[in-house]
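Heads up, the thing below is written out as structure tokens.
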Amino acid sequence: ENTWANRLQDWRLEDGGLQCVESRPRFGMRTLHLLTRRLGGGEEGSFRIRVTVDAAAGDRTESAAGFLLGAGGAHVDPRLTSQVHGAPAQDGGFLALLGADGRVTLRTFEEPVAGAGRNQWAMTAEREVEDFARLEGAVEDGAGFGEGGPRPVDLELVGARYDGRRTLTVTARDAASGAVLSAAHMQAAPISAFDGAVALVSHRGPEGAGLGYRFEDWQVIGDLVVGTPEYALGPVMFVHYTVDEETGPGEGRLRMTAQAGPLGEGDTRVATLELADGRGRFRQVAAAGFTPESCTFHFEVEAVETTRDVPFRVRYVPTRRDGRLAEGRAQLYEGTIAAAPEGDEVTIGVLSCQKSYTGGLRWNESGLWFPHADVAQHVAAHEPDLLYFAGDQIYEGDLTPAVRAPLEAALGDYLTKWYRHGWSFGELTRRLPTVVVTDDHDVYHGNIWGNAGRREDAEGLSKQDRGGYVMPPEFVNAVHRTQVAHLPATHAAEPLEGGITPYHTVLQWGGGSFAILSDRMYKSPPAVVVTEGQVRNGWAQAEGFDAATQADVEEARLLGEDQLSMLDAWSRTA
């Protein structure tokens, strides 16, 4: 809950340490940001950052590890700054790096690398250490490892501001003997290095190891360090909920998804939901087990009042090292089950297509749309009764490239992007009922024709044009658990071919009746059923083909039989 990993699948907790598990050149400069502390504590004082660094045996040439400091600053939303990694850009901060030879350097992460190019979907991160310019005026000393070879190192960075002077000193010591291996010192350090985020950095790793660097005993202390506990994230990160007044106004069935971060095998795997009565007294009304693929807890409660706001708490009690529950450290994620509106009007806030990055990388609001603060604030200003996220809550190639396999890495990649969604809009969803439908990019797909889960055996067509889902059912279902499991129970009679879970349903709430359709799930692939159009990626290639008059063929389906049956019944009763 105190750190943010770039990316989620690139880091893991292991035997009391932090291990970067990504070392490929195209994924350099992995960062692990500290959320609950930052630099910027006053005009005078000092800070100290230290950690023990090690890596697997092997040639570490072109690899490095150390600290990122001063990223962002008071003028940048800390949520945005927590994404800094991979590629240098404005407001990217500075680096204190231990090189493969045991020597330390002070470098900038604010100067874009020449020839990096512009990509509207994902930044490119293949960089050599020497691509990051040394800070002018820094003095380096020490032979590094010399003949001794790589070994564990205690890395320490000290910054001080006194009498108008700003100094930075980074020192590498042999972890076993304490002997100084190398040091770098700067007398006139940039003022922005003393304002902003702090993170660990792992850049590549030993040849053939398949791992980056390992870190232990990370400390960030000093009177220039500011505590920011309000930016802690997790174990419960955000929630989505609906209340279905199926039996009539006044009360309804609550369904809630509590989105958590990844949990280890020894962590508590149960969370509880508490609701407040009319006197403000909380009582437990449900318990839920942890679903590891989606990192979710799912609650369902009957007969929840809808005539008043009902405060709720999701309680998560962590596990101590001895295996017992640490009741004194219980996390309470709090919010409100909103009262259903009275009268003839329901105000709905509609959002879709929340992309974070569109090229021209800068680590500030002029380079990233995340965390969509203006959008969230403007929606809140309209005081909606209900939120509707209409699709593309995430984009698979947004900021970082899409990872589609293996499954575990793909799920980590998805969750990294999904967590950004919740970090942006969680203050809304913790107090407003929320309807969500998935679109193509949510399931790592472009222009999807679900075809009831079937992929047609059509020679010469791409997987996408043949219909069905590109990603495996296990991935699609995990996405559904995160985004739509809080909707009323589906009206589908059975899963799609391959086991993908449908979610079309009806929500009765606030005097309104809402049919919720996943309109891409059964849709026929036009490249297969409208062959005369020579359709590719949804666009007819055949000369003179008129979709308005020639595309309405007998075999084409927009909705499934279960959906049509649901709509027929709904139209008679709504």
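The working numbering numbers the first residue of the sequence shown as 10 and each following residue consecutively.
The C-beta atom is built at its ideal place from N, Cα and C for all residues, glycine as well.
Fair warning: this is a prediction, and the values are worked out from it, not measured in the lab.
From which residue to which residue does the beta strand (DSSP E) around T356 run? Counting along the chain, T356 falls outside any beta strand (DSSP E), and DSSP gives it neither H nor E.
In whole angstroms, what is the alpha-carbon distance linking G217 and R33? Rounded to whole angstroms, G217 to R33 spans 10 Å at the Cα level.
Is the beta carbon of A560 closer than 8 Å to that of V539? Yes. Within cutoff.
Backbone CA spacing between L106 and V113 [nearest angstrom]: Distance between the alpha carbons of L106 and V113: 5 Å.
CB of P215 within 8 Å of CB of A64, strictly: Yes, the Cβ-Cβ distance between P215 and A64 is below 8 Å.
Bridge partners of H249, per DSSP? In the DSSP assignment, H249 is bridged to T266.
Please confirm if the stretch 280 to 293 is in contact with the stretch 382 to 399, defined as three or more CB-CB distances below 8 Å between the two stretches. These segments do not touch.
Between the C-alpha atoms of M38 and V235, what's the straight-line distance to the nearest angstrom? Within the model, the alpha-carbon separation for M38 versus V235 is close to 25 Å.
Can you tell me whether R47 is buried or exposed? The criterion is at least 16 other CB atoms within 10 Å of its CB, across all chains shown. Answer is buried; the Cβ neighbour count reaches 16.
Helix, strand or coil for R440? Go by DSSP, reduced to three states. Coil at R440, not helix or strand.
Assuming R182 contacts D204 under a Cβ cut-off of 8 Å, what Cβ separation, rounded to an integer in Å, is found between them? No, R182 and D204 are not in contact; Cβ-Cβ is about 28 Å, not under 8 Å.
Leaving out five residues on either side along the sequence, give the residues of the same chain with a beta carbon under 8 Å from the beta carbon of L516. T251, D253, V444, L496, P497, S522, F523, I525, listed in sequence order.
What is the DSSP secondary structure of I346, reduced to helix, strand or coil? I346 falls in the strand class under three-state DSSP.
Taking just the CA atoms, how far does E563 sit from R429? It is roughly 42 Å from the alpha-carbon of R429 to the alpha-carbon of E563.
Label Q18 either buried or exposed according to how many other C-beta atoms from any shown protein chain fall within 10 Å of its C-beta, with 16 as the threshold for buried. Burial call: buried.
Residues bridged to Q293 (per DSSP): Looking at the DSSP assignment, Q293 forms a beta bridge with E283.
Can you tell me whether E165 is helix, strand or coil according to DSSP? Of the three classes helix, strand and coil, the one that applies to E165 here is strand, per DSSP.
Would you give the residue range spanned by the beta strand (DSSP E) that S522 belongs to? That run of the beta strand (DSSP E) goes 521 to 525.
Using DSSP with H/G/I as helix, E/B as strand and the rest coil, what is D19? Correct three-state label for D19: helix.
Please check the pair F321 and G344, which I expect to be a contact at CB under 8 Å, by giving their CB distance rounded to whole angstroms. Correct: roughly 6 Å between the Cβ atoms.
Strictly under 8 Å for the Cβ-Cβ distance: is Y428 near chain C by that measure? The chain labelled as chain C is not found in the depicted structure, where only one protein chain is given.
Count the C-beta pairs between the stretch 448 to 455 and the stretch 387 to 405 that are closer than 8 Å, then say yes if the count reaches three, no if not. With the cut-off at 8 Å, the stretch 448 to 455 and the stretch 387 to 405 touch.
Per DSSP, Q624 forms a beta bridge with which residues? Past the boundaries of the shown model lies residue 624; the chain is included only from 10 to 583, so the question cannot be answered.
If we ignore side chains and look at the alpha-carbon of each, how far apart do G157 and A411 end up? Taking the CA atoms as reference points, G157 sits about 40 Å from A411.
For I230 versus R463, is the C-beta distance shorter than 8 Å? No, Cβ-Cβ distance for I230 and R463 is not below 8 Å.
Best match in Q550, L567, F306, A551 for proximity to P534 [C-alpha to C-alpha]: For P534, the nearest C-alpha among the options comes from L567.
Endpoints, the alpha helix (DSSP H) within which R490 is located: It spans 482 to 492 - the alpha helix (DSSP H) in which R490 sits, taken as one unbroken run.
Any idea if N486 is buried or exposed, counting beta-carbon neighbours within 10 angstroms, 16 or more meaning buried? The residue in question, N486, is buried, as its Cβ has 16 or more Cβ neighbours within 10 Å.
Would you check if the distance between the CB atom of W598 and the CB atom of A349 is smaller than 8 Å? Nothing about residue 598 can be reported from this structure: the residues present for the chain run from 10 to 583 only.
Looking only at C-alpha atoms, which of E465, D353, T499, A188 sits nearest to T514? Taking only the C-alpha atoms, the option nearest T514 is T499.
Just list the alpha helix (DSSP H) runs in the stretch 34 to 109, keeping only unbroken ones of 4 residues or longer that don't cross its boundaries, in chain order. Qualifying alpha helix (DSSP H) stretches, in chain order: 87 to 90.
Between R143 and L115, which are expected to be in contact by the criterion C-beta below 8 Å, what is the C-beta distance as a whole number of angstroms? Distance from R143 to L115 at the Cβ level is roughly 7 Å; contact confirmed, criterion being Cβ atoms closer than 8 Å.
Quick one: measure Cβ to Cβ for A96 and R136, integer angstroms, because I've assumed they're closer than 8 Å. So it is a contact: roughly 7 Å between Cβ atoms.
When DSSP labels each residue in this structure, what does I230 get in the three-state scheme? Note: I230 maps to strand in three-state DSSP.
Spatial neighbours of A296 within its chain, please: C-beta separation below 7 Å, excluding the five flanking residues on both sides. Once the five neighbours on either side are set aside, the close Cβ partners of A296 are V279, T281.
Kindly indicate which three-state DSSP category R429 falls into: helix, strand or coil? DSSP, reduced to helix, strand and coil, places R429 within a helical segment of the structure shown.
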